[in-house]
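Step one of this worksheet: look at the structure below.
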Amino acid sequence: MFVIDNGADDWRIAMTMERVLLIALELLVSAVHPVPGEFKFLWRARLAFSYTPSMAEADLDMVLSVPMFLRLYLIARVHFNTRFVMKTLMTICPGTVLLVFSISLWIIAAWTVRVCESNFLGAMWLISITFLSIGYGDMVPNTYCGKGVCLLTGIMGAGCTALVVAVVARKLELTKAEKHVHNFMMDTQLTKRVA
């Protein structure tokens with residue numbers, strides 16, 4: 234594509250070592266996917282609080298599903314201004330954008346915690362409580378992987394909460410026409426009091 238875009242005669246002009254490495258990395262990331270079938274292995278880890286060794290049986294497809302999210306970098310490769318598109322979407326339909334972003338983040342984080350902790354519904358509960366900064370304490374992650382995901386979820390939850398507050402504040406703001414009407418009404422009331 235680079236050769237065609239730039240009108241080059243030979244493909245070797247376009248292929249530098251950096252481009253070859255980037256293409257190889259992209260092929261490697263795109264090749265990671267769960268294997269069909271049930272392949273289980275023993276997962277050894279230390280529990281976060283007691284540091285005691287723990288053994289759990291894990292599916293290979295769960296371990297390979299987490300690196301699949303590395304494919305999200307392909308979104309940044311598209312040649313349109315992603316920042317402009319996100320700003321436009323946040324202006325047109327901010328509630329929908331925040332809802333889709335929050336639910337997507339919950340599902341991805343819960344799936345990642347499920348790989349670490351092995352209970353999907355419990356992971357959904359843990360992620361939603363962490364995202365909303367409630368923290369009941371009824372569930373806690375036991376592995377460092379789960380703790381790391383919960384930490385990132387809490388940070389992203391705080392950011393999303395700030396965005397929701399900004400959106401609500403902007404929706405409650407008076408428009409320019411409403412401000413003029415309000416100022417006119419206030420001036421009319423002041424004139425009546427003085428007279």
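Be aware that the sequence shown starts at 234, since it is given in our numbering, and climbs by one per residue.
Glycine residues also receive a C-beta, built at the ideal position from the N, C-alpha and C atoms.
Predicted, not measured: the structure shown is a model, and the values here were computed from it.
With H, G and I counted as helix, E and B as strand and the rest as coil, what does DSSP make of residue i?
| i | result |
| --- | --- |
| S351 | coil |
| S361 | helix |
| F302 | helix |
| M372 | coil |
| S283 | coil |
Between which two residues does the alpha helix (DSSP H) carrying residue i extend?
| i | result |
| --- | --- |
| M295 | L293 to S298 |
| F317 | T315 to I325 |
| T408 | Where T408 is concerned, there is no enclosing alpha helix (DSSP H), given that its DSSP letter is neither H nor E. |
Mind checking which residues open and close the beta strand (DSSP E) that includes residue i?
| i | result |
| --- | --- |
| R252 | No beta strand (DSSP E) holds R252; the alpha helix (DSSP H) holding it covers M250 to A264. |
| L275 | K273 to R279 |
Under 7 Å, do residue i and residue j count as touching if we go by C-beta distance?
| i | j | result |
| --- | --- | --- |
| L280 | N375 | yes |
| V330 | L338 | no |
| P327 | V400 | yes |
| V348 | V299 | yes |
| K273 | D292 | yes |
| G390 | F353 | no |
| V346 | G381 | no |
| L275 | M295 | no |
| V303 | V262 | The sequence given here has Leu at residue 303, not Val. Yes, Cβ-Cβ distance for L303 and V262 is below 7 Å. |
With burial defined as no fewer than 16 other Cβ atoms inside 10 Å of the residue's Cβ, what is the status of residue i: buried or exposed?
| i | result |
| --- | --- |
| L359 | buried |
| A395 | exposed |
| D372 | Going by the sequence as given, residue 372 is Met instead of Asp. So M372 ends up on the buried side. |
| T421 | exposed |
| E350 | buried |
| C383 | buried |
| I362 | buried |
| S335 | buried |
| T386 | buried |
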